[in-house]
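Trainee:
There are 2 protein chains.
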Amino acid sequence: MNPDKNDNVIQQRRIRIDVAYDGTAYAGWQVQPELVSVQQRLEETFAGVVGHSVKIHGSGRTDRGVHAKCQVAHLDVTTRIADISLQRAVNSRIAPDIRVTRLITVAPDFHARRSAHGKEYRYFVWCGEIMPPEKRLYATHCHHLLDVPAMSKAAQWFVGTHDFAAFSANPQREIDTTVRTIFKFTVTGRGPQVTFAVQGNGFLYKQVRSMVGFLMRVGVGAERPDAVKELLDAANPRVARVPSAQPQGLFLWRVWYGGSRVRVHPGKNPR
Amino acid sequence: MNPDKNDNVIQQRRIRIDVAYDGTAYAGWQVQPELVSVQQRLEETFAGVVGHSVKIHGSGRTDRGVHAKCQVAHLDVTTRIADISLQRAVNSRIAPDIRVTRLITVAPDFHARRSAHGKEYRYFVWCGEIMPPEKRLYATHCHHLLDVPAMSKAAQWFVGTHDFAAFSANPQREIDTTVRTIFKFTVTGRGPQVTFAVQGNGFLYKQVRSMVGFLMRVGVGAERPDAVKELLDAANPRVARVPSAQPQGLFLWRVWYGGSRVRVHPGKNPR
């Protein structure tokens, strides 16, 4: 073996993957003992394709039953397989409820979590009396009508840099601060469907579900919109009046890096 | 017991139900030995609510894996329970992949199949390279781009009264005729999604999936649009060039009666 002949040397490289998944069948993103996670399935499948064990680092965790339109992760591989072939090999082997929507070689210092500039989550609520069967795993059913303008007004209190202690669950792990910055928070209604879209620099454990859970209480008239401000200002730990909305309505929608936003670009028909 | 005291007599009545279902977990609409069907689940659930066995008659069958936005059926019940309470009781007991979206008392001569004036089916195809996980059970993945104008042109040959022998499977039961009338057939593209919508007075076994299967062959350039006319005119039994499209893209969309079309009316948000 001659290490000078570069074309014969298999070099390690870092790849970034964008991943869409239906979280219904998984115990969440992160590997957990005796449970099936999205990360575990990806690690097993990549290992089978590249022929060595791999460790996949996601931009963050998602809970049991939470979905992703675009989770981002990175891993190091030592293989001659080209990016596009690697993507196709993984997608052909892994279950159809997980899809690698993009796979590219990146600089060795790219880090899915540390390099992220921001994230967007979307939360879907269905307010019709009857939950359409094909939506039941991808939206939360609310039997009451929700006051969209009141929820939208309340959501604007979240925008900016605040201590979100009152809107997150005890993470059972050490965190240095509960201060986070929300860039944008929209609440829109379209027929019976209400969509919450929130962008921020990072999110605490159960933060999105706690914010949406409280906004839904505003939506049914149980809380005033400016109660959000009071809870943020007090910055006490979360209490019962801030419930966590159910997981199946939540999607990690996108993660962006270096100023450029990352979206899933689906194919287009010619016309 | 005094039969003259009408208010104390529980009278039998005929009810019509509109049913939405996710067909993924079922062996189709119709009861089959040792398999779980939508009809069976509905019959078991209604029997538990009204306290006597019931027989449910659908507007027609749907195959394994096929969904319904609005199947219509009728059944006779002997109960004092009001329509709205009956609907709620059934929906609270049955699995969330089956929903009774409407329940009304109808005239005793209403018959879900014989009284139907027409039906609409919709078929969804996803042509992006990556199938979004949350669509995988409700659309068919096509790796090729489809020529929507060519498919639309071909679909117009189906409109009218024709012998559809070449576009249906052997039903393994006696049927008097393979002549049916198609009222309307549209093919539309929106981003990577192609939607086929067909309305007719009735459909043969696997007719919709055969028509869509052939249109997709037109869409990839394997057949000319006017080949539809040739196959209809010849009226020979179905051959291999008319494949049956996969079941998971198909939805029974609505059934209409007496000139008035039946739709699912979801609830609306106040604004």
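First to last, the sequence lines map onto chains W and U.
Counted the way numbering that gives the first Met the number 0 counts, the first sequence spans residues 0 to 270.
Counted the way numbering that gives the first Met the number 0 counts, the second sequence spans residues 0 to 270.
We treat Cβ as the ideally placed atom computed from N, Cα and C, and that holds for glycine.
Quick caveat, the model's predicted, so the values are computed rather than measured.
Rounded to whole angstroms, what's the CA-CA distance from ALA111 of chain U to GLN10 of chain U? Just pull it up for me.
Mentor: Rounded to the nearest angstrom, the two C-alpha atoms are 21 Å apart.
Trainee: For chain W, is any of its Cβ atoms less than 9 Å away from the one on ILE97 of chain U?
Mentor: Taking Cβ atoms only, chain W reaches closer than 9 Å to ILE97 of chain U, which makes this a yes.
Trainee: I'd like to know whether the C-beta of PRO236 of chain U is nearer than 9 Å to at least one C-beta of chain W.
Mentor: By this cut-off, PRO236 of chain U is not an interface position.
Trainee: Could you pull the DSSP bridge partners for VAL105 of chain U from this structure?
Mentor: BP columns for VAL105 of chain U point to U:ARG13.
Trainee: Below 8 Å on C-beta distance, what does ASP21 of chain W contact in chain U?
Mentor: What ASP21 of chain W touches in chain U: PRO132, GLU133 and ARG135.
Trainee: Which of helix, strand or coil does DSSP assign to VAL30 of chain U?
Mentor: Three-state DSSP puts VAL30 of chain U in coil, outside helix and strand.
Trainee: May I ask which residues mark the beginning and end of the alpha helix (DSSP H) holding ARG92 of chain W?
Mentor: 82-92 is the span of the alpha helix (DSSP H), which, as asked, contains ARG92 of chain W.
Trainee: Any C-beta of chain U sitting closer than 9 Å to the C-beta of THR139 of chain W?
Mentor: Chain U, which has no Cβ nearer than 9 Å to the Cβ of THR139 of chain W, makes this no.
Trainee: Kindly list the residues whose CB is nearer than 7 Å to the CB of ASP3 of chain W, restricted to its own chain and excluding five residues on each side of it in sequence; keep chain order.
Mentor: For ASP3 of chain W, the predicted structure reports a pLDDT of 48, less than 50, and the residue's modelled location is therefore unreliable. A value from the coordinates is still provided. Closer than 7 Å at Cβ, skipping near neighbours: no residue.
Trainee: Given a threshold of 16 other Cβ atoms within 10 Å of its Cβ, counted over all protein chains shown, does GLY266 of chain W qualify as buried or as exposed?
Mentor: Bear in mind that a pLDDT of 38 at GLY266 of chain W, under 50, signals an unreliable position, so the number given afterwards is only what the model happens to contain. So GLY266 of chain W ends up on the exposed side.
Trainee: Excluding five sequence neighbours on each side, which residues of the same chain lie with their C-beta closer than 6 Å to the C-beta of ASN268 of chain W?
Mentor: Low local confidence applies: a pLDDT of 39 at ASN268 of chain W is under 50, so the model's placement there is unreliable, with the coordinate-based value given in what follows. Excluding residues within five positions, none has a Cβ falling inside 6 Å.
Trainee: Smallest Cα separation from VAL254 of chain W: which of W:GLN247, W:GLN198, W:PRO242 and W:VAL211?
Mentor: Nearest option by C-alpha distance: W:GLN198.
Trainee: Contact defined as beta carbons within less than 8 Å: I believe VAL158 of chain W pairs with PHE184 of chain W. What is the distance between those atoms, to the nearest angstrom?
Mentor: The Cβ separation is near 6 Å, so the contact holds.
Trainee: Just checking: is the beta-carbon of ARG100 of chain W within a distance shorter than 9 Å of some beta-carbon in chain U?
Mentor: It should be noted that the sequence gives Thr, not Arg, for residue 100 of chain W. Chain U, which has a Cβ nearer than 9 Å to the Cβ of THR100 of chain W, makes this yes.
Trainee: For MET215 of chain U versus VAL147 of chain U, is the C-beta spacing smaller than 9 Å?
Mentor: No, the Cβ-Cβ distance between MET215 of chain U and VAL147 of chain U is not below 9 Å.
Trainee: Have a look at PHE182 of chain U and ALA149 of chain U and give me their C-alpha separation to the nearest angstrom.
Mentor: Straight-line Cα distance between these residues: approximately 19 Å.
Trainee: Which value, in whole angstroms, describes the spacing of the CA atoms of ASP17 of chain W and GLN70 of chain U?
Mentor: In a straight line, the C-alpha of ASP17 of chain W is about 38 Å away from that of GLN70 of chain U.
Trainee: Just the C-alpha distance for PRO191 of chain U and HIS51 of chain U, rounded to the nearest angstrom, thanks.
Mentor: Cα to Cα, PRO191 of chain U sits roughly 48 Å from HIS51 of chain U.
Trainee: Nearest to VAL238 of chain W by alpha carbon, out of W:PHE163, W:ALA94 and W:GLY201?
Mentor: Selected option, being the one with the closest Cα: W:PHE163.
Trainee: Relative to the alpha-carbon of ALA72 of chain W, which residue among W:ILE14, W:GLU128 and W:SER84 has its alpha-carbon at the smallest distance?
Mentor: Checked all of W:ILE14, W:GLU128 and W:SER84; the closest Cα to ALA72 of chain W is W:ILE14.
Trainee: Using a cut-off of 7 Å between C-beta atoms, extract the partners of HIS143 of chain W located in chain U.
Mentor: Going along chain U, no residue has its Cβ under 7 Å from HIS143 of chain W, so there is no contact; the nearest lies around 10 Å.
Trainee: Does any CB atom of chain W fall closer than 9 Å to the CB of ILE55 of chain U?
Mentor: Chain W, which has no Cβ nearer than 9 Å to the Cβ of ILE55 of chain U, makes this no.
Trainee: Does the region 28-47 of chain W come within contact of the region 128-138 of chain W, defined as at least 3 CB pairs closer than 8 Å?
Mentor: Judged by Cβ distances under 8 Å, the region 28-47 of chain W makes no contact with the region 128-138 of chain W, as fewer than three pairs qualify.
Trainee: Please state whether DSSP places ARG121 of chain U in a helix, a strand or coil.
Mentor: Here ARG121 of chain U sits in strand by DSSP.
Trainee: With a Cβ-Cβ cutoff of 9 Å, do ARG208 of chain U and LEU249 of chain U count as a contact?
Mentor: A contact, by the Cβ cut-off of 9 Å.
Trainee: Does DSSP put THR160 of chain U in a helix, in a strand, or in coil?
Mentor: Note: THR160 of chain U maps to strand in three-state DSSP.
Trainee: Given a threshold of 16 other Cβ atoms within 10 Å of its Cβ, counted over all protein chains shown, does SER84 of chain W qualify as buried or as exposed?
Mentor: Exposed: under 16 other Cβ atoms inside 10 Å.
Trainee: Comparing C-alpha positions only, which one of U:PRO242, U:VAL30 and U:THR177 sits nearest to ASP232 of chain U?
Mentor: Among U:PRO242, U:VAL30 and U:THR177, the Cα nearest to that of ASP232 of chain U belongs to U:THR177.
Trainee: How big is the Cα-Cα spacing for THR187 of chain U and PHE213 of chain U?
Mentor: Looking at the two C-alpha atoms, the distance is approximately 16 Å.
Trainee: Mapping DSSP to helix, strand and coil, what is LYS282 of chain W?
Mentor: Summary: the structure shown does not reach residue 282 of chain W, with chain W confined to residues 0 through 270, and so no result is reported for it.
Trainee: Determine the closest residue to SER167 of chain W out of W:ALA154, W:TYR137 and W:MET210, with distance taken between C-alpha atoms.
Mentor: Nearest C-alpha to SER167 of chain W: W:MET210.
Trainee: Could you have a look at PRO265 of chain U and say whether DSSP puts it in helix, strand or coil?
Mentor: At PRO265 of chain U, the pLDDT of 40 sits below 50, so the modelled position is not reliable and the matter cannot be decided from this model.
Trainee: Hey, out of W:ILE174, W:CYS126 and W:PRO107, whose CA is closest to ARG189 of chain W's CA?
Mentor: Ranking the options by Cα distance to ARG189 of chain W, first place goes to W:CYS126.
Trainee: Tell me which residues share the same chain as ARG60 of chain W and place their Cβ nearer than 6 Å to its Cβ, disregarding the 5 neighbours each side in the sequence.
Mentor: Correct list, in chain order: TRP28 and GLN29.
Trainee: Determine, using beta carbons only, whether ARG15 of chain U comes closer than 9 Å to chain W.
Mentor: For ARG15 of chain U, the answer is no, since every Cβ of chain W falls outside 9 Å of its Cβ.
Trainee: Mind checking who HIS66 of chain U pairs with in its DSSP beta bridge?
Mentor: Answer is U:PHE250, bridged to HIS66 of chain U.
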